[in-house]
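What follows is one structure encoded as structure tokens, with my remarks underneath.
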Amino acid sequence: MPKSKKNANQATKKTSKKTEAVSTIQSTSKAKTMDDLLKNYSWHGFKKGEVVEGIITEKNNKAVWIDIGAKTEGLILTKELRVARDFVNRLKVGDKITVSIFQPENENGYPLLSFRKTLNNFVWGEFEEKLKTGEPIKVRGKEANKGGLVVDVNGFFGFIPTSCFGAKMAGKIKDLINKSFEAKIIEVDREKNRLILSEKEVSEKALLEEQREALKKIKVGDVFEGEISGVMPFGLFVKIKVGKYPIEGLVHISEISWEKVDEPSKFYKPGDKVKVKTLLADKKTGKINFSLKQLQEDPWVKIEKDYPVDTKVKGEVVRLAPFGVFVVLDKGIEGLIHISKIPAEKALKAGDKVDCFVESIDKEARKMSLGLVLKEKPIGYK
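Under the numbering used here, think of the first position of the sequence shown as -13, with each following residue one higher.
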């Protein structure tokens, strides 16, 4: 700011303050009681965290000054100016802005302010706009984990799943830590503070567009031969071919097998050949969901025929619970021996082979109650 203009501004501020002071003195001189005096004295102290509205009075590369009605103008925290350059660049003198009090008064007597909440709304609005337009955004790698890469997006955390990296980055995600690159926002949820991006949408844009054209030929119920391309805690990625184009879809953990699946890696590994059924083919988002288990016979369809009530069966204890033990009889078939049916002296553990009988079946809920076959039944035991 030119020196003359700055001096003029300071003079104006001083004159304004002086006028206010004279007005206050005049009002105070007319006060006859303490109540009258308090009514004329309008300024109040601020508390940390208090949200107020102010007007920008001055702005430069190092500071933003805001009039919040305090004894002196407030100052925006320097670290927020660094994080929010785009936001700050759009601000201008005279703009109204909502801020919160970070420190009522620093060592120089100025209130320190934060516009974090206003900034959050602005940035999330930017993210939502980028999601609509599909425009790439600059990100910086922060931390790699099993699921993908945590990235810095304008001071906010985002996440790029492993499946959302192009072929050139396969197995090299850690190389992007502390490096800037472009990615495309594919999911925004400000309520959950969730921001998902895709590097592949930028590096393999042309290929993905061709794949989306091929996707139009896929219908729900279609069956494909495929190959496991990724194993994640939440499911499997399977790559299929539609014509000459490879397309990747997800088999959610719940669609892997009729058995209970806790760790997909115990069932499949990358490179395994599989047959999948299409559950979802979203032409707009390019999202595809497959199922493995729906190409297998559901063991509960004939459960009452295969395991009639009172039938004796052999099984293996697979897990313990406070209310009993779960016993697997066959793939996808589990039953519960309630704790009340287990004698105190009979300590069961995972891996034990047990002789049981079927007490009851709830086909709709896919639940089966079992009883232990005992040589000598305790009093009151069925």
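Think of the CB as a built atom: it goes at the ideal place given N, C-alpha and C, for glycine as much as any other residue.
What you are looking at is a predicted structure, and each value in this text was computed from that prediction instead of being measured.
- Close CB contacts of S215 within its chain, under the 7 Å cut and outside five residues either way in sequence, are with F223, V224, K225, E234, P256 (chain order).
- The shortest C-alpha to C-alpha distance from I83 to any of W51, W110, E114 is the one to W51.
- In this chain, the alpha helix (DSSP H) harbouring F113 covers 102 to 119.
- Inside the stretch 220 to 303, DSSP marks whole beta strand (DSSP E) runs of 3 or more residues at positions 221 to 228, 231 to 238, 259 to 267, 274 to 277, from first to last along the chain.
- CA-CA distance, V314 to L183, rounds to 41 Å.
- One thing to note: E114 has its Cβ no nearer than 9 Å to the Cβ of R180.
- In this structure, the beta-carbon distance from F253 to S240 does not fall below 9 Å.
- In the three-state reduction of the DSSP assignment, N131 falls in the strand class, which pools E and B.
- Put simply, of V299, G141, N164, E168 the residue whose alpha carbon is nearest the alpha carbon of C150 is E168.
- Sorting W110, P147, F143 by C-alpha distance to the C-alpha of R126 places F143 at the top.
- Residue nearest to A330 within the set I347, G310, D316 is G310 (criterion: CA-CA distance).
- If you compare the alpha carbons of K327, R305, N164 with that of A336, the shortest gap goes to R305.
- The beta carbon of V237 sits closer than 7 Å to the beta carbons of G221, L222, V224, V262, F276, S277, L278 from its chain, once the five residues preceding and following it are set aside; these are given in chain order.
- In this chain, the alpha helix (DSSP H) harbouring R198 covers 191 to 201.
- V359 is not bridged by DSSP to any residue.
- When the alpha-carbon of I62 is set against those of D81, Y96, K300, the nearest one is in Y96.
- If you draw a straight line from the Cα of A56 to the Cα of G141, it comes to about 30 Å.
- The continuous beta strand (DSSP E) containing R180 extends over residues 180 to 184.
- Nearest to G35 by alpha-carbon distance, out of L98, G212, K300, is L98.
- Residue environment: S100 is assigned as buried (16 or more neighbouring CB atoms within 10 Å of its CB, all protein chains considered).
- For M218, the enclosing beta strand (DSSP E) covers residues 209 to 218.
- Bridge partners of V344 according to DSSP: L356.
- CA-CA distance, Q197 to T271, rounds to 12 Å.
- With respect to the 9 Å criterion, D284 and V344 are not classified as neighbours on the basis of their beta carbons.
- Counting every other CB atom within 10 Å of its CB across the protein chains shown gives L360 a total below 16, marking it as exposed.
- Looking from the CA of I41, the closest CA among L265, V79, K205 belongs to V79.
- 9 Å or more divides the Cβ of L135 from the Cβ of I172.
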